[in-house]
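S.K.: Numbering-wise (the numbering used here), the sequence shown opens with residue 1 and increments by one.
Backbone N, C-alpha and C fix where the C-beta goes; we use that ideal spot for every residue, glycine too.
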Amino acid sequence: MGREQEYVSRLYRRLDGLRREVSARLAGTLRQVAGGHQGQWDREAAASRYTERLARLAAAEHGLCFGRLDLRDGRRRYVGRIGLPAEDSAGEDAEPLLIDWRAPAARPFYLATALDPHGMTRRRHIRTQGRRVVEINDEFLDPDEARRTGETELTGEAALMAALKADRTGRMGDIVATIQAEQDAVIRSGHRGVLVVQGGPGTGKTVVALHRTAYLLYTYRDLLAKRGVLVVGPNPTFLSYIEDVLPGLGETGVLMSTIGGLFPGVEAGGVEHPEAAAIKGRQEMVDVVARAVRDRQRAPDEPLEIETAQGTLVLDHDTCAPARERARRTRLPHNLARPYFVDAVLDALARQAADRLNESILLPEVIADLDLEPGEEPPTDLFDAEDVAAIRQDLRHDPAVHAALDEVWPELTPQRLLADLYASPERLASAAPGLTERERALLERDPSAPWTPADVPLLDEAAELLGRDDRAERARAAAEHRRRVAYAQGVLDVAHGSRSIDLEGDEEAALTPGDLVDAETLAARHDERDLRTTAERAAADRTWAFGHVIVDEAQELSPMAWRLLFRRCPTRWMTLVGDLAQTGDAAGASSWERVLEPHVPGRWRLERLTVNYRMPAEFMDVATRVHAELTGAPVEEQPRSVRRIGETPWRLEVPAAELADRLNAVVADEVALLGQGHLAVIVPSGRSKALAHEDPDLREQVVYLTVAQAKGLEFDSVVIVEPAEILAEGPRGPNDLFVALTRATRRLGIVHTPDRPLPAPLAGLRSR
């Protein structure tokens, strides 16, 4: 252990040296006075690189080195969170002091076994606390030794078991030191389409997906640093649970969001009936939103009268229908096609106004008084093209005309479109004839109601169909740019005119600012720079195209949510992790093929994780028996548990009137048994207001959660309240109960009342 301590100390000295070196370079860069637009840009880019490098070096402080590989040729490789080059004095060809766990040279640490040693003779696991080595565990990879001792399928079994038995902390940790072979295959997969990772409870789907994120950023940094990576989770509680994993692996430039968080400017914190959310998630809502847009492009049956300075004008079907057809033929989104409609309508209204004025002026008595030549026809139109254009310009700025145009073809935001749709039974009936009257009634709501997560894909769909007319915004920006350039030119002119000529009359030898910089460059120096990170810029831009997308609990996404995500990733390079047996949303997936073939036909691959690391076999057996009984079908390819703990689940029946008090007593008992461990009390959503927290803090030792909030999380102990209610209230109750039963690592219990009968496998549990 002393030799390893010496080497680990050497690694930390090298880490400290690199941090000092990068800090010095960053400080020097920030002190530089950049010359010109390009110089400023270069300085900021260099500062960003050094800042990012410092963040990676800082993240490696905890658990810098965790392994060593002994090669057959006598060399040794140390494996850790980041790569560390040899000291500068060692020369360019010197072996690195530490190999990044993502590098190809480190892969044998995760794959080598005694039967397939990958050229290795020994794998050593090194456990540290701070900078001190506290434990060493060796695996000898010699085939003779394997035959003598028996082969194990688990890599680094002692280190893995120690990690599994450790208390939960309320935050997910990384598994960089204990990645297993089937997990490594997923993490390093080179598939450039959609990679689907199907895995039951405890197989490490989430942490594998996050390590794959870190691996891809390491391997394809130039590509992904520009476009960014999006990680999508099922709810904010889950995102807070996993938020430390990627920073701990040295990766901070990742946007983490729920589906409800992917429409900038909208906070989707509302709650709605599950059936309403399911309706909004259906594929047919594509046509509903499209019809809702077309319904706002009207050719009114009843004429609209417009009071203008030119008199009363009429906007009728015959005027609007041709203009609407002209605008639709452009195939532009609604707001971008609107100017074509407006131009056509203004043309018609201007002509109508001219005709009305002609009629009012060219009265018979007026014509009779005209001095006409013999045979000359009396005038029928007093307004030439220039006159009509002037009338048209007046109409364009008339508020009454604006109001009429907004009624027949309004400029719409996605929020206005949907709010108006939900608020009007008539609009819903027109846009959604395929829905039943009851289904349409479920969608009705007050315009002031908060948006819900199920609304966000519909808002996104609407945004695609509406578009945004930014011509005025671009015109303002161009005018502001011209103003700045003009001002800069004025400054240069003043500097030129006030120059001091004291060079023996040689005026040409006197340099002025204008000789060194032009007005365009000078103005650009005062432009505001966008110093936001890639993730920050992506979060604010609905149209951002990500380089890669990771989706956790992917089985929960509706067809409309998938449309949103595939827009965010035009290359269709994604990693999806989930478990179809845990689908709880009525609009969620029951088949990966049905979800993906419409979007990426033939470009998706299914991988399976088959080993349950987290859950003891005793808990997994109960959960799968319950699920099989309730669904009539066994859990597909139940994962194999790696451990038994000798602790079976328990149940406690209590009188309904005493449920709250008895539950508090159970929680107190569990906390006493757990020590520093964490406890989750999973309750039916109908009881969530009384028991669960809307925004639970997972760092608290005891948390109360609904099944939806608990999805993807793990706890040392779990107490499930009234499983029968959980079964009854969700559209896929058996899956919800399966989720609840598969969150625990050490203790699992059921608390119920006599009038809520338990499924047979739970009724047979030992009484507490």
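1. Let me make sure I understand the geometry here. Which of A538, Q582, E553 has the alpha-carbon closest to that of C569?
2. Could you check what DSSP says for H125 in three-state terms: helix, strand or coil?
3. Considering only residues of the same chain and omitting the five flanking positions on each side of A225, which have a CB-CB separation below 8 Å?
4. Around the Cβ of A760, are there at least 16 other Cβ atoms within 10 angstroms (buried) or fewer (exposed)?
5. Evaluate the contact criterion for the segment 537-554 versus the segment 570-585: three or more CB pairs, one atom per stretch, below 8 Å.
6. Measuring alpha carbon to alpha carbon, tell me which residue in T113, A162, A441, M120 is nearest E135.
7. Does G80 pass the burial test, meaning 16 or more other C-beta atoms within 10 Å, or should it be called exposed?
8. Considering only their Cβ atoms, is the gap separating I645 from R746 smaller than 8 Å?
9. Helix, strand or coil, according to DSSP, for M574 in the structure here?
10. Please classify A385 as buried or exposed, where buried requires at least 16 neighbouring CB atoms within 10 angstroms.
11. Give every residue of the same chain whose Cβ lies closer than 7 Å to the Cβ of Y12, excluding the five residues on either side of it in the sequence, and list them in chain order.
12. Quick one: is G269 buried, meaning 16 or more other Cβ sit within 10 Å of its Cβ, or exposed?
13. Which residues bound the beta strand (DSSP E) around C65?
14. For the segment 670-733, list the beta strand (DSSP E) runs that are entirely contained and at least 3 residues long, ordered along the chain.
15. Determine the DSSP secondary structure at G764, reduced to helix, strand or coil.
16. Does P616 get closer than 8 Å to chain D when you measure Cβ to Cβ?
17. Evaluate the contact criterion for the segment 311-326 versus the segment 270-278: three or more CB pairs, one atom per stretch, below 8 Å.
18. Is the beta carbon of A94 sitting closer than 8 Å to the one on A86?
19. Is D244 closer than 8 Å to R171 when the C-beta atoms are compared?
20. Could you name the residues of the same chain whose beta carbon sits closer than 7 Å to that of Q555, not counting the 5 residues immediately before and after it, in chain order?
21. Contact between the segment 661-668 and the segment 633-642: three or more CB pairs below 8 Å?
22. With a threshold of 16 other CB atoms inside 10 Å of the CB of L115, please say whether the residue is buried or exposed.
23. Could you give the uninterrupted runs of the beta strand (DSSP E) lying entirely in the segment 267-295, keeping only those of 3 residues or more?
24. Taking 8 Å as the cut-off, does the segment 617-627 touch the segment 723-742 (at least 3 CB pairs, one atom from each stretch)?
25. Measuring straight from C-alpha to C-alpha, what distance separates F66 and I175?
26. Touch check for the segment 411-431 and the segment 222-238: three-plus C-beta pairs under 8 Å?
27. Considering just the uninterrupted stretch of the beta strand (DSSP E) at W592, what are its terminal residues?
28. Tell me which same chain residues have a C-beta within less than 7 Å of the C-beta of S641, skipping the five on either side of it?
29. Kindly confirm or deny that the segment 389-398 and the segment 249-267 touch, where touching means at least three C-beta pairs closer than 8 Å.
30. Whole beta strand (DSSP E) runs in the segment 146-203 with 3 or more residues, listed along the chain?
31. Please give the ranges of any alpha helix (DSSP H) in the segment 432-486, keeping only runs that are unbroken, at least 4 residues long and fully inside the region.
32. Starting from R651, follow its DSSP beta bridges and name the residues at the other end.
33. In three-state DSSP terms, what is T308?
34. Considering only residues of the same chain and omitting the five flanking positions on each side of L15, which have a CB-CB separation below 6 Å?
35. Are at least three pairs of beta-carbons, each pair with one atom in the segment 341-351 and one in the segment 433-444, less than 8 Å apart?
36. Going straight from the alpha carbon of R756 to that of E725, what length do you get?
M.R.: So, from the data block:
1. When each option's Cα is compared against that of C569, the closest is A538.
2. H125: strand per DSSP, three-state reduction.
3. So the list reads L217, G253, T534, once near-sequence residues are dropped.
4. Around the beta carbon of A760, fewer than 16 other beta carbons lie within 10 angstroms, which makes this residue exposed.
5. Yes, the segment 537-554 is in contact with the segment 570-585.
6. Taking only the C-alpha atoms, the option nearest E135 is A162.
7. So G80 counts as buried.
8. With contacts defined as CB atoms closer than 8 Å, R746 and I645 qualify as a contacting pair.
9. Residue state, collapsed to three classes: strand.
10. Only exposed fits A385, as fewer than 16 other CB atoms lie within 10 angstroms of its CB.
11. L64, R131.
12. With fewer than 16 other CB atoms across the displayed protein chains lying within 10 angstroms of its CB, G269 is exposed.
13. Run containing C65: 65-71, per the beta strand (DSSP E) assignment.
14. Look at the segment 670-733 and you find these whole runs of beta strand (DSSP E), each 3 residues long or longer: 679-682, 702-705, 715-721.
15. Coil, per DSSP.
16. You won't find chain D in this structure, because it holds only one protein chain.
17. A contact between stretches requires three or more CB pairs, one per stretch, nearer than 8 Å, and the segment 311-326 fails this requirement with the segment 270-278.
18. Closer than 8 Å, so yes.
19. Yes, the Cβ-Cβ distance between R171 and D244 is below 8 Å.
20. If we look at Q555 and ignore the five residues flanking it on each side, its Cβ neighbours are G578, D579, L580, Q582, T583, G588, A589.
21. No: fewer than three Cβ pairs fall under 8 Å.
22. By the 10 Å Cβ count, L115 comes out exposed.
23. Runs of the beta strand (DSSP E) spanning 3 or more residues and lying entirely within the segment 267-295 do not occur at all.
24. Segments in contact, yes.
25. Spanning the two alpha carbons is a distance of roughly 11 Å.
26. Taking 8 Å as the limit for Cβ pairs, the verdict is that the segment 222-238 does not touch the segment 411-431.
27. Element bounds for W592: not the beta strand (DSSP E) but the alpha helix (DSSP H), 592-596.
28. Same-chain partners within the cutoff: N612, M615, P616, A617, M620.
29. By the criterion of at least three beta-carbon pairs nearer than 8 Å, the segment 389-398 is not in contact with the segment 249-267.
30. Counting whole runs of 3 or more residues, the segment 146-203 contains the beta strand (DSSP E) stretches 194-199.
31. Complete alpha helix (DSSP H) runs here, min 4: 437-443, 455-466.
32. The partner list for R651 (beta bridge, DSSP) reads I750, S767.
33. Reduced to three states, the DSSP call for T308 is strand.
34. Cβ neighbours of L15 beyond the five flanking positions: none.
35. No contact exists between the segment 341-351 and the segment 433-444.
36. When rounded, the separation of the alpha-carbon atoms in R756 and E725 is 7 Å.
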